[in-house]
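Residue 924 is where the sequence shown starts when you use the working numbering, and the numbers rise one by one after that.
Just so it is clear, CB atoms sit at the ideal spot from N, CA and C, and this is done for glycine as well.
The structure displayed is predicted, hence computed values, not measured ones.
Below is one structure; the comments refer to it alone.
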Amino acid sequence: DASAVADILLKESSLPLHSYIFTVARWLRDAPKEAAWRGKAFACLLTILQGEGQPLGLRGQAMAAFVTSGDPGAATLFRQLLSSRSFELIPIAALGSGALKDVKAMGALEELLQAPISAVRRAVCLALVAIGTEKSLEGVARALLQGDEDLRRAAAEALANDPAEGYAMLKEGATLDDIMLRRAVVNGLARVGQPWAVELLQHMQVEDDQWAVRNLANQYLEQMQGIDSRVPRQLATPSESPWLIEFAGKQKMGVPRGGPATDILLSAFKLGNTEERLAALPYLKRVANEGIIGAIYQAMYGEDPEVREAAFYAIEEIGADGFALPHPNQFGLG
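Have a look at this one:
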């Protein structure tokens, strides 16, 4: 019986990554429905899921835990959350509905295609394609044909996830007269990445009668020939990084040659703009100490959403490397 262990773990604070809660969450699919701790686990997951200002990566893990739990209440919960006023929460709920292939959510999802926030519309398109019924795919097809530029792109990129109907729609869209449609289709074909899609992009790069379509196809083809941006690359020495030299100059500081330059990198992470903070983080996570982790925690609980997400994933990496992560309350956070 896992009840005693589950109760202990759920009572422990496992910030910043909530590792104990997600450990218990992995037991939910196989746990007896009458187990008392199931309700406590779901309550903890819901708190994370609804935590405004928390990293979306963390909240997405809570959504995934609901999906994999196999609990029939998860689909109902996501449908309820689709009516939230939070444009951070709605995309997570939409993706949850899609992962569960919840046909009852289709009406609410289609209404959200008119939302003013790009992240919502992208998530909704992905969810409707994942649900995969004729009606849900028709909604995405309408978005591709009739939406504004941003919605058409979201629809095309989502259709790249459907090898049957989605691929067929992209192939047909590449031949139609609507320039906005063909530009959107280029984005979808680039996500497909298969030989037939690359051939079609090459054809559009040369034969399309609109420069805007030819140029976009050319950009994607050039990217495909380069190194995948997701592949780890060796970092330049700090003293040879133009952005850091420029930042140091503005701060009337120097960048030491050959060394880790931790002090100036930490200053850039605390005081720089979004781009400078994101550039400093890969260096800092490799030389993590308590002071650096405190600064990353401040960013993870901070206002800049891009830096917040990057900081969360940096903390995950540092923890995975075996560093004993201090509790955020040591730094007045959490």
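Local conformation of residue i per DSSP, three classes
| i | result |
| --- | --- |
| residue 994 | coil |
| residue 1024 | coil |
| residue 1254 | helix |
| residue 978 | coil |
| residue 1071 | coil |
| residue 930 | helix |
| residue 1009 | coil |
| residue 1102 | helix |
| residue 1030 | helix |
| residue 1096 | helix |
| residue 1233 | helix |
| residue 1197 | helix |
| residue 925 | coil |
| residue 1090 | helix |
| residue 1240 | helix |
| residue 1083 | coil |
| residue 1040 | coil |
7 angstroms Cβ cutoff met for residue i and residue j
| i | j | result |
| --- | --- | --- |
| residue 1082 | residue 1111 | yes |
| residue 872 | residue 938 | Coverage of the chain is limited to positions 924 through 1257, which leaves residue 872 absent and any answer about it impossible. |
| residue 982 | residue 944 | no |
| residue 1219 | residue 1234 | yes |
| residue 1051 | residue 1032 | yes |
| residue 1248 | residue 1224 | no |
| residue 1232 | residue 980 | yes |
| residue 1024 | residue 1054 | yes |
| residue 1169 | residue 1114 | no |
| residue 1237 | residue 1204 | yes |
| residue 1074 | residue 1109 | no |
Exposure label - residue i; buried when at least 16 CB within 10 Å
| i | result |
| --- | --- |
| residue 941 | buried |
| residue 1195 | buried |
| residue 986 | buried |
| residue 1086 | exposed |
| residue 1158 | exposed |
| residue 960 | buried |
| residue 1210 | exposed |
| residue 1153 | exposed |
| residue 1010 | exposed |
| residue 1092 | buried |
| residue 978 | buried |
| residue 1190 | buried |
| residue 1150 | exposed |
| residue 1161 | buried |
| residue 928 | exposed |
Distance cut-off 6 angstroms: residue i Cβ against heavy atoms of the ligand SAM
| i | result |
| --- | --- |
| residue 1127 | Judged by which ligands are present, the structure shown has none, so any question about the ligand SAM falls away. |
Close Cβ partners of residue i (< 8 angstroms) along its chain, the five nearest in sequence each way excluded
| i | result |
| --- | --- |
| residue 1141 | 1128 |
| residue 1105 | 1096, 1097, 1099, 1127, 1131, 1133, 1136 |
Neighbourhood of residue i by C-beta, 7 angstroms cutoff - its chain only, sequence neighbours within 5 removed
| i | result |
| --- | --- |
| residue 1070 | 1078 |
| residue 1000 | 989 |
| residue 930 | 960 |
| residue 984 | 945 |
Extract the residue ranges of the alpha helix (DSSP H) inside the stretch 1115-1185, only unbroken runs of 4 or more that lie entirely within it.
Runs of the alpha helix (DSSP H) inside the stretch 1115-1185: 1118-1130, 1134-1148, 1165-1173.
Enumerated in chain order, which unbroken segments of the alpha helix (DSSP H) with a length of 4 residues or greater are wholly contained in the stretch 935-970?
For secondary structure counted as the alpha helix (DSSP H) over 4 or more consecutive residues, the stretch 935-970 holds these complete runs in sequence order: 942-948.
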